[in-house]
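Engineer:
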Amino acid sequence: MRRLRRTWTIFSFLVLLVASSGNFAARAQTSPPANASTGAALTISGDVEKPLVLSLDDLRHMPRKTFSLKNPHDGNQETYEGVPLAELLKRAGVPRGGQMRAAASAYIVAEAKDGFRAVLSVAEADPDFADSEILVADTFNGAALGENDGPLRLVLPHEHKASRSVRMLHSLTVVSVSK
4 MRRLRRTWTI
14 FSFLVLLVAS
24 SGNFAARAQT
34 SPPANASTGA
44 ALTISGDVEK
54 PLVLSLDDLR
64 HMPRKTFSLK
74 NPHDGNQETY
84 EGVPLAELLK
94 RAGVPRGGQM
104 RAAASAYIVA
114 EAKDGFRAVL
124 SVAEADPDFA
134 DSEILVADTF
144 NGAALGENDG
154 PLRLVLPHEH
164 KASRSVRMLH
174 SLTVVSVSK
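Residue numbers (this note's numbering): 4 to 182.
Here it is, written out as structure tokens:
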């Protein structure tokens with residue numbers, strides 16, 4: 004278990020190092036589709052087949068899931084509803100399942116409107132690879148997310164700490180380490 008934590012820490016550091024390099028900046032400048040509306044809630048770009056710009060209404064019409072979890076800070080039960088991250092990546096054309104070998108060296112940078120970023124691997128977002136069930140939530144306890152948390156939040160219900168639960172989520176950038 005200790006070796007796994009150390010390996011994960013090293014992996015996370017390397018991913019952040021790669022993400023901060025000039026190479027990442029060039030990839031992250033992938034243009035959104037020409038039909039992008041200014042009311043976009045979420046942009047999915049980078050090394051994807053189909054860059055997406057999604058409104059809250061678009062997200063409400065996609066397959067949805069609900070998760071209840073305990074807040075690690077105050078112990079209260081919380082319920083989030085939204086679209087599984089795997090569904091969004093599938094729609095953007097990110098390899099998954101049997102094609103996972105092609106995406107095994109790819110990662111996702113989830114960015115908030117306030118500049119906060121979190122990194123996760125594409126593999127951990129794939130239900131054929133891991134039981135992580137990551138959610139792009141638009142509701143909290145049955146209501147729209149508040150101004151300080153929304154309109155979207157990345158929720159990782161199986162993590163013990165909420166440090167990668169990105170509030171005010173506005174973009175997901177997929178980056179392949181090698182092609």
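Just so you know, even glycine gets a beta-carbon here, dropped at the ideal spot from N, CA and C.
(1) State the beta-bridge partners of K116 as determined by DSSP.
(2) Using a Cβ-Cβ cutoff of less than 8 Å, which residues in the same chain neighbour N79 once the five nearest sequence positions on both sides are dropped?
(3) If contacts are defined as beta-carbon pairs under 8 Å, then T69 and E81 qualify, I think. What distance do you get, rounded to the angstrom?
(4) Terminal residues of the continuous beta strand (DSSP E) containing K164?
(5) Assuming L2 and V139 make a contact with CB atoms under 8 Å, what is their CB distance in whole Å?
(6) Using the C-alpha atoms, what's the distance from S71 back to P130?
(7) Please report how far the alpha carbon of H163 lies from the alpha carbon of P75, in whole angstroms.
(8) Name the one or two DSSP bridge partners that L45 has.
(9) What does the Cβ neighbour count give for D134, buried or exposed, with the cut at 16 atoms within 10 Å?
(10) Where N151 and F119 are concerned, what is the direct C-alpha to C-alpha distance, given to the nearest angstrom?
(11) What residue range does the alpha helix (DSSP H) around L148 cover?
(12) Taking A95 as the reference, give the member of L59, S168, T46, R170 with the closest Cα.
(13) How close, in whole Å, do the beta carbons of V169 and D50 come, if the pair is a contact with beta carbons under 8 Å?
(14) Which residues does DSSP list as the beta-bridge partners of G85?
(15) What separation, rounded to the nearest whole angstrom, lies between the Cα atoms of A146 and G153?
Structural biologist: By the coordinates alone:
(1) Taking the sequence shown and counting its residues from 1, one reaches residue 116 at position 113. Answer is none; K116 lacks a bridge partner.
(2) Residue 79 sits at position 76 when you count from the first residue of the sequence shown. Excluding residues within five positions, the ones whose Cβ falls inside 8 Å are K73.
(3) Here the question's residue 69 lines up with position 66 in the sequence shown. Here the question's residue 81 lines up with position 78 in the sequence shown. The Cβ separation is near 11 Å, so there is no contact.
(4) Here residue 164 is taken as the residue at index 161 of the sequence shown, counted from 1. That residue, K164, is in no beta strand (DSSP E); it is neither H nor E in DSSP.
(5) Examination of residue 2 is not possible in this model, given that the chain is present from 4 through 182 alone.
(6) As a working mapping, residue 130 is identified with position 127 in the sequence shown. As a working mapping, residue 71 is identified with position 68 in the sequence shown. Taking the straight line from one Cα to the other gives about 18 Å.
(7) Along the sequence shown, one-based indexing puts residue 163 at 160. Along the sequence shown, one-based indexing puts residue 75 at 72. Looking at the two C-alpha atoms, the distance is approximately 7 Å.
(8) Here the question's residue 45 lines up with position 42 in the sequence shown. Looking at the DSSP assignment, L45 forms a beta bridge with L57.
(9) Working through the sequence shown from its first residue, we reach residue 134 at position 131. D134 comes out exposed.
(10) Counting from 1 along the sequence shown, the entry for residue 151 is found at position 148. Counting from 1 along the sequence shown, the entry for residue 119 is found at position 116. Roughly 13 Å separates the two Cα atoms.
(11) Translated into the one-based positions of the sequence shown, residue 148 becomes position 145. That residue, L148, is in no alpha helix (DSSP H); it is neither H nor E in DSSP.
(12) Translated into positions along the sequence shown, residue 95 becomes position 92. It is T46.
(13) The residue you call residue 169 lines up with position 166 of the sequence shown. The residue you call residue 50 lines up with position 47 of the sequence shown. No, V169 and D50 are not in contact; Cβ-Cβ is about 20 Å, not under 8 Å.
(14) One-based indexing of the sequence shown puts residue 85 at position 82. DSSP lists K68, A140 as partners of G85.
(15) The sequence position of residue 146 within the sequence shown is 143, counting from 1. The sequence position of residue 153 within the sequence shown is 150, counting from 1. Taking the straight line from one Cα to the other gives about 11 Å.
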